[in-house]
Amino acid sequence: MPESSTPASTSTDRPVPMTAFEERFRHPPGLVILFFTEMWERFSYYGMRGLLKLYMANYLFVTLREALQGCRQNAPPCALVPGNPHDILFWSVLQGWFPQHPAEAASILYGTYTGLVYATPFFGGLLADRWLGQRRTVIVGAVLMALGHFVMAVESSFFVALVLLILGNGAFKPNVSTQVGGLYPPGDPRRDGAYTIFYMGINLGAFISNLVCGTLAAVFGWHYGFAAAGVGMLLGLAVYLAGGKHLASDDLSKRRAAHKTEKQPLDSDERKRVGALILLCALNVVFWAVYEQQGNTMQSWADSQTVWPKVFGFQIPSTWFQSFNPLMIILFAPVLDMFWMRQSRRGTEPTSVTKMAIGCVILGLSFIVMIVGARLIGDGKGSPAWPMLCVLLLTVGELYLSPIGLSLVTKVSPARIVSMMMGMWLASSFLGNFLSGAIGVLYTRWPKEAFFLLLTVLGVGAGLAIRAFNRPLHAVLGEK
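The working numbering puts the first residue of the sequence shown at 1163, with every later residue one more than the last.
See the structure below:
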């Protein structure tokens, strides 16, 4: 970014004071605080998520359980222990709502949990915008999530832990994301770059999470993996509290200082922008339904139909597969950022909506790899190259959509409802994750080739639908 793109320290509209750090690195130090806060929160979320479906299918909902993650597939003698699913609080009531097959029940619950994780941010954004402010709401969310991870160690309280995690994420997620945009004045060209950096923090946490949590679950037991996720959340909270002085004031605090806390109706232009974002949210649902198969059915494939190598006598656990996507994001995000800047200089950079359409199409096409792999492997086991090549392509699609959407929300949302609109944006992931669980049931019922073909059709179809709305949405949003 050229030096001239950094606003002068004397500007009266700067949300945070100019520092020596910003003069040297061109971004305020608050971005570093939010980077590491989100990194540790995502460490906790993805560490738990990488274990979740296998934990339910191979341990929690069966009577003969894997004491160590993956031991059923990897190592005789395997430590199998007896268990009783009915010892889990509320399972006797909920069981009738789910398929009897443990893997199918786990798929539905996985989709329900990951969906609700992205439904509650709307209410967390509302809570911050109207009552608590972004900072207090983030702290409440972090505490609830840490409790949820540690309660997961008590098997009978499994559903209690999920509820704590869902509520905590709802308070935390939208308010950290919007604070990134709050570091920059309106029109600051550094904002998109800031969200790319922030997105790399998300994926750095996701990358290391499964290497740590997955390994602990495979070597020492499931609950050690969940406990590590809880420790990660506490580290994120500690970073946030220690670096609070570098963050911008809450939007709620600014409005209170200006005596503008009364409810202000949206004007015509604001209503159009909000409507356009809602339409984009609806179109994104299918993207997330297909994308989230990565932690659902693709993890099942990685667990049961992939031969993972041994390294110096250590059997690589299948949960390490969940670290491949964030690793690819860390590697490819700077490359794509440079590619887009080059396009921008030439005047050929696609609009935000077009980028999102491209992302959906690439996502769908990535599953052609799995169609070929399923045809060659059949019911046997094959190379890790199949799911890893699929995820590599899927990652490019994700980078064309997800960080672009986060930046777009903060640029076009009315400031007084920006956290709520970020929650609305994340709500598309709620519906997508819920749909991913329902689609995942077909993995055990359909031929694998037909299942992956369905994912291809859904991804490409969603991309074409978004592309069809490019011109009217671009006219309303007025954003690249």
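Beta carbons: idealized from backbone N, C-alpha and C, even for Gly. Small disclaimer: the values here were computed from a predicted structure and weren't measured.
Across the set E1200, I1533, E1611, the C-alpha of E1200 shows the shortest separation from the C-alpha of L1399.
Under the DSSP assignment, E1200 falls in the alpha helix (DSSP H) whose first and last residues are 1191–1217. Listed as beta-bridge partners of K1472 by DSSP are Q1477. Here DSSP, grouped into helix, strand and coil, assigns G1245 to coil. In the DSSP annotation of this structure, the continuous segment of the alpha helix (DSSP H) that includes L1378 starts and ends at 1353–1381. Looking at the DSSP output, L1226 bridges to P1244. The C-beta of K1407 has fewer than 16 other C-beta atoms within 10 Å across all chains shown, which makes the residue exposed.
Between the segment 1489–1508 and the segment 1349–1364 there are three or more C-beta pairs closer than 8 angstroms, enough to call the two in contact. By the C-beta criterion, the segment 1370–1383 is judged not to be in contact with the segment 1618–1637, since fewer than 3 inter-stretch pairs fall below 8 angstroms. D1541 counts as exposed, since fewer than 16 other C-beta atoms from the protein chains shown sit within 10 angstroms of its C-beta. If you ignore the 5 residues before and after K1517, its C-beta comes within less than 6 angstroms of the C-beta of Y1562, I1566, all in its own chain and listed in chain order.
In this structure F1284 is in contact with M1586, their Cβ atoms being roughly 6 angstroms apart against a cut-off of 8 angstroms.
Across the set L1193, V1580, L1615, the C-alpha of V1580 shows the shortest separation from the C-alpha of E1432. Residues L1326, L1329, G1330 of the same chain have their beta carbon placed closer than 6 angstroms to that of L1306, with the five preceding and five following residues left out of the count.
Collapsing the DSSP output to three states places G1295 in coil.
Secondary structure at G1394: helix, using DSSP grouped into helix, strand and coil.
Contact between the segment 1335–1342 and the segment 1583–1601 is present: three or more C-beta pairs spanning the two stretches fall below 8 angstroms. Segment contact: the segment 1307–1317 against the segment 1377–1393, three or more CB-CB distances shorter than 8 angstroms; contact assigned. Counting C-beta atoms within 10 angstroms of its own C-beta, P1634 has fewer than 16 neighbours from the protein chains shown and is therefore classed as exposed. For K1543, there is no enclosing alpha helix (DSSP H), as DSSP marks it with neither H nor E.
At a Cβ-Cβ threshold of 7 angstroms, P1177 and A1410 count as neighbours. Its chain contains Q1467, T1468, V1469, G1535, L1538 as the residues whose beta carbon lies nearer than 8 angstroms to that of G1544, once the 5 sequence neighbours on both sides are disregarded; these appear in chain order.
In the DSSP annotation of this structure, the continuous segment of the alpha helix (DSSP H) that includes I1328 starts and ends at 1320–1343.
Here T1510 is exposed, its C-beta having fewer than 16 other C-beta atoms within 10 Å. Contact between S1480 and Y1605 does not hold, since their C-beta atoms are separated by about 16 angstroms, which reaches or exceeds 8 angstroms. Taking a C-beta distance under 7 angstroms as the contact criterion, L1445 and I1628 qualify as a contact pair. G1344 has its alpha-carbon roughly 33 angstroms from the corresponding atom of L1597.
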